[in-house]
Amino acid sequence: MYLTIEKALKLPALNQVEVIGGSQGLTRVINSVSIMDHPDISWIKRGELLLTTGYVFKDDLNAQINLVRELSKRGSAGLAIKIKRFLSTIPPGMVEEANKYNFPLLEIPYEMPLSDLLFSFTYELVNKEKVKNNGKGSFEVFHSLLNGENRSSSFIPQLQEVGFNPDRPYILLLINGTKEEGDSFFPIGRMLEKLNQTEREDFKYWNIDFDGQLIILQGKGMVTDEHLLIQAQRIAILLEGLISKDNPGTSLSMGLSKVKKEIYNMKEGFIEAKKAIQLGSRLNPTNINDYASVEVEDLINQIPKDAITQYVQSMIQPIIAYDRENEGELLKTLETYLFSRGRIEDAARALFVHRNTVKFRLSRIEDLLGVDLKSRDIAFKLQFSIKAAKLLLHD
Numbered sequence: 001m002y003l004t005i006e007k008a009l010k011l012p013a014l015n016q017v018e019v020i021g022g023s024q025g026l027t028r029v030i031n032s033v034s035i036m037d038h039p040d041i042s043w044i045k046r047g048e049l050l051l052t053t054g055y056v057f058k059d060d061l062n063a064q065i066n067l068v069r070e071l072s073k074r075g076s077a078g079l080a081i082k083i084k085r086f087l088s089t090i091p092p093g094m095v096e097e098a099n100k101y102n103f104p105l106l107e108i109p110y111e112m113p114l115s116d117l118l119f120s121f122t123y124e125l126v127n128k129e130k131v132k133n134n135g136k137g138s139f140e141v142f143h144s145l146l147n148g149e150n151r152s153s154s155f156i157p158q159l160q161e162v163g164f165n166p167d168r169p170y171i172l173l174l175i176n177g178t179k180e181e182g183d184s185f186f187p188i189g190r191m192l193e194k195l196n197q198t199e200r201e202d203f204k205y206w207n208i209d210f211d212g213q214l215i216i217l218q219g220k221g222m223v224t225d226e227h228l229l230i231q232a233q234r235i236a237i238l239l240e241g242l243i244s245k246d247n248p249g250t251s252l253s254m255g256l257s258k259v260k261k262e263i264y265n266m267k268e269g270f271i272e273a274k275k276a277i278q279l280g281s282r283l284n285p286t287n288i289n290d291y292a293s294v295e296v297e298d299l300i301n302q303i304p305k306d307a308i309t310q311y312v313q314s315m316i317q318p319i320i321a322y323d324r325e326n327e328g329e330l331l332k333t334l335e336t337y338l339f340s341r342g343r344i345e346d347a348a349r350a351l352f353v354h355r356n357t358v359k360f361r362l363s364r365i366e367d368l369l370g371v372d373l374k375s376r377d378i379a380f381k382l383q384f385s386i387k388a389a390k391l392l393l394h395d
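For the sequence shown, the positions run 1 to 395 when full-length UniProt numbering is used.
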């Protein structure tokens with residue numbers, strides 16, 4: 001499905017190219033190939049393989065090492081250098097840096113023209129593009145929908161061409177990550193393939209590089225929205241485990257959109273997945289968050305801060321002040337009680353205290369706030385206030 005460095009080097013036309021460094025990174029996926037004798041790092045794209053004679057850095061050891069480091073951090077697929085023109089061999093410093101970052105460093109023999117090499121890579125990439133992932137063709141249609149481009153009658157046949165069923169619900173999973181060393185690229189496509197095979201997960205997927213690594217998930221059969229969300233959450237947990245196992249020290253965050261039923265809501269879904277990461281990282285100590293769990297916080301976030309602060313103070317400031325002065329847990333008790341839908345026994349179990357302790361605290365809360373906690377309207381306002389207070393605390 002994907003053209004990796006490892007697969008490319010097995011092609012007859014490329015079998016003279018040798019791996020000099022970064023042999024642990026040969027699973028990097030090649031998305032494009034360029035010839036550059038004056039590499040401009042700012043223009044390098046994720047998955048781009050760079051071919052060069054090395055002229056621009058032939059006499060600069062620092063530039064050689066920095067080039068490898070920066071290419072790796074930007075998610076480049078690798079660096080291939082033609083030797084015996086300006087460099088007799090690939091410098092040891094570059095090899096060492098490539099090994100450090102598991103960044104493929106390749107040696108091109110002098111007799112092999114770069115143009116021939118470029119043609120061989122490009123030819124193979126075109127062939128791979130035709131059969132990529134679950135269907136044929138490219139994923140430009142997804143980019144169009146994610147960018148919110150005008151509705152087009154051609155979108156539906158284009159989606160069907162890549163195996164996407166426009167009549168079935170889907171969900172978006174956005175993955176952002178930063179490694180301690182090297183780039184933030186993860187071979188998500190291969191991981192999803194593995195999950196489909198080993199975990200018997202019955203789903204279709206499309207993996208897209210779009211402001212992070214974006215996955216569009218769709219059930220293979222007719223599934224309910226609830227089942228699709230549960231399935232997506234499970235896939236996110238499994239992916240988190242695979243990424244963390246292969247990349248220790250990685251800072252990882254994932255966001256799930258709500259289930260979407262219309263193809264023209266794809267941009268909305270992407271925004272939701274992004275907000276799930278942004279808000280979830282502020283409120284929850286987990287790597288995975290779904291938009292449905294932070295939707296209220298998103299609405300609160302759009303209200304002027306002064307108005308929210310005033311509302312929180314008018315609703316729950318007395319118990320916040322009480323907790324501060326007495327090292328109490330009234331706010332936590334109230335939040336747990338409301339989350340337990342007014343069931344005192346459930347709240348007591350969650351708090352690891354006796355039910356009478358909860359009853360005493362709730363009575364104190366009613367006295368301080370001057371409210372009846374059995375009122376649904378009051379319960380809603382208090383839940384809203386607690387969520388708002390948490391946002392203000394983490395602002």
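Virtual Cβ for every residue (Gly too), placed ideally from N, Cα, C.
Where residue i falls, given that 16 or more other Cβ within 10 Å makes a residue buried
i           : result
residue 249 : exposed
residue 101 : buried
residue 376 : exposed
residue 324 : exposed
residue 133 : Note on residue 133: pLDDT 46, under 50, position unreliable in the model; no value is reported.
residue 230 : exposed
residue 330 : buried
residue 380 : exposed
residue 59  : exposed
residue 61  : exposed
residue 319 : buried
residue 303 : exposed
residue 170 : buried
Bridge partner(s) assigned by DSSP for residue i
i           : result
residue 256 : 173 and 290
residue 90  : Partner(s): none; residue 90 has no beta bridge.
residue 80  : 51 and 106
residue 206 : 216
residue 4   : 29
Residue i in three-state terms, based on DSSP
i           : result
residue 372 : coil
residue 33  : strand
residue 233 : helix
residue 19  : strand
residue 281 : helix
residue 154 : coil
residue 42  : helix
residue 244 : helix
residue 64  : helix
residue 328 : coil
residue 340 : coil
residue 189 : helix
residue 354 : coil
residue 312 : helix
residue 147 : coil
residue 69  : helix
residue 11  : coil
residue 390 : helix
residue 262 : coil
residue 162 : coil
residue 224 : coil
residue 366 : helix
residue 58  : coil
residue 211 : coil
residue 335 : helix
residue 319 : helix
residue 167 : coil
residue 24  : helix
residue 74  : coil
Rounded distance between the beta-carbons of residue j and residue i, thought under 8 Å
i           : j           : result
residue 118 : residue 35  : 6 Å
residue 51  : residue 105 : Not quite, the Cβ-Cβ distance comes to about 12 Å (not below 8 Å), so this is no contact.
residue 8   : residue 121 : 6 Å
residue 3   : residue 30  : 5 Å
residue 208 : residue 214 : 5 Å
residue 270 : residue 172 : 6 Å
residue 228 : residue 259 : 5 Å
residue 163 : residue 204 : 6 Å
Closest by C-alpha distance to residue i, when choosing among the options
i           : options               : result
residue 253 : 260, 240 and 210      : 240
residue 176 : 218, 147, 190 and 236 : 236
residue 244 : 93, 77, 299 and 288   : 288
residue 388 : 333, 279 and 343      : 279
residue 80  : 124, 255, 301 and 16  : 16
residue 55  : 69, 88 and 332        : 88
residue 385 : 233, 350 and 338      : 338
residue 69  : 86, 22, 227 and 32    : 22
residue 188 : 300, 27 and 367       : 27
residue 247 : 6, 13, 341 and 25     : 25
residue 268 : 327, 145, 302 and 284 : 145
residue 49  : 92, 107 and 262       : 107
residue 20  : 94, 211 and 63        : 94
Any non-hydrogen atom of the ligand PLP within 7 Å of residue i CB
i          : result
residue 47 : The ligand PLP is not part of this structure, which contains no ligands at all.
Test: residue i CB closer than 8 Å to a CB of chain B
i           : result
residue 115 : Of the protein chains in this structure there is only one, and it is not chain B.
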